Amino acid sequence: MPDDEKLRLLRDFTKYYGDLIDDSSTVIVAWKGFIKVKELLRETDPYREYKERSHRIALELARSIEGKLEELSGYERFRYLVGLSVAANLLDPGSPNGLDPEVFWEKASQIRFGRDETDRLYLLLLQSSKVTYVLDNCGEAVFDSMVIRDLRRMGLKLKIIVRGEPYQNDITYQEALRLGLQEYGELVSTGTDFPGIVPGHVSEEAVKALEWADIVISKGMANFESFMYAQPAANVFVLLMAKCGPIARASNVNVGEAAAFFLKGPPAMQNAV
């Protein structure tokens with residue numbers, strides 16, 4: 003795309019986005035902004051190549067830890083996989099060395115969980131039967147699939163919610179099918195490109211999948227924000243990297259830290275891990 007065309011599109015988008023900032027919901031603002039991006043670019047999936055590259059490198063990284071996983075079991079294995087699924091949010095095809103495996107492992111080893119209730123999640127999972135897992139980005143979904151397989155090994159029934167249409171680099175229903183997630187649970191499409199699960203903006207099936215679950219595991223900042231606006235009755239467990247001040251404050255961690263916590267506070271546990 004010529005530079006002058008890029009500048010024109012940037013001006014058009016900046017003007018449009020400036021009119022959106024009075025909206026009370028950041029999720030709505032981000033969603034409308036991305037719809038405008040697709041309109042200006044005349045492209046339904048602007049992140050297609052970005053997602054494909056993330057997916058390829060994530061598969062390579064996942065294969066490299068198969069030996070490590072064989073050495074782990076129980077909570078130790080589960081905690082390791084959960085940590086990787088959060089760290090995988092660092093995969094960034096748009097930044098220098100963003101897809102370099104050595105750089106990824108170095109960054110992943112330095113991640114600090116400012117808040118970590120994974121042990122309580124594990125205990126609640128042992129006492130539950132139904133989990134709905136809400137996916138986020140395409141590359142990190144490879145590592146989420148490893149967590150999901152572990153949940154199946156624990157005997158849990160699963161529903162897996164994915165975007166119905168492209169939103170940024172979030173995984174879509176068709177991409178989830180190619181990843182093979184339907185082998186581990188029922189894939190549920192939101193039916194739209196809305197960045198979260200809010201009644202009226204997503205399919206009835208997606209809303210029912212939340213109502214069905216004993217536990218909802220929510221990945222990423224956008225899903226977290228949407229659950230703050232519309233909390234389901236189930237216990238919601240949030241997994242994210244706090245990339246900005248507002249999310250960090252809402253998660254009670256520092257910017258740049260990981261967070262793993264129950265949205266409504268941890269439920270009472272019967273036993274210790």
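Residue numbers for the sequence shown, in our numbering: 3 to 275. Cβ coordinates follow ideal geometry from the N, Cα and C atoms, glycine included. Note that the structure is predicted; figures quoted are calculated from it, not measured.
Asked: Neighbourhood of Y186 by C-beta distance below 7 Å, restricted to the same chain and skipping five residues each side; Found: I150, R151, R154 and L160
Asked: Euclidean distance between Cα positions of N254 and L158; Found: 30 Å
Asked: Straight-line Cα distance separating K70 from L61; Found: 15 Å
Asked: Alpha-carbon spacing of N237 relative to K132, whole angstroms; Found: 11 Å
Asked: Proximity test, Cβ basis, 7 Å: F263 and chain D; Found: Among the protein chains of the structure shown there is no chain D, as only one such chain exists.
Asked: Buried or exposed (CB count within 10 angstroms, at least 16 for buried), C140; Found: buried
Asked: P248, buried or exposed, once every other Cβ within 10 Å from all chains shown has been counted against 16; Found: exposed
Asked: A224 versus E73 - alpha carbon distance; Found: 34 Å
Asked: F145 versus E41: straight-line alpha-carbon distance, rounded; Found: 32 Å
Asked: Supposed close pair L137, I113 - CB separation, criterion 8 Å; Found: Not really, about 20 Å apart at Cβ, beyond 8 Å.
Asked: Three-way DSSP call (helix, strand, coil) for P234 in this model; Found: coil
Asked: Own chain, CB closer than 7 Å to S27, minus 5 neighbours either side, in chain order; Found: Y231
Asked: Supposed close pair S228, V105 - CB separation, criterion 8 Å; Found: 31 Å between Cβ atoms; not a contact.
Asked: Coil, strand or helix - N254 by DSSP; Found: coil
Asked: CA-to-CA distance, Q184 to A178, given in whole angstroms; Found: 8 Å
Asked: Under 7 Å between C-beta atoms of F264 and E119; Found: yes
Asked: Counted within 10 angstroms of its Cβ, other Cβ atoms place A143 as buried (16 or more) or exposed; Found: buried
Asked: Exposed unless 16 or more other CB atoms sit within 10 angstroms - verdict on P234; Found: buried
Asked: Proximity winner among T134, V88, D172 and R79, relative to E51 (alpha-carbon distances); Found: D172
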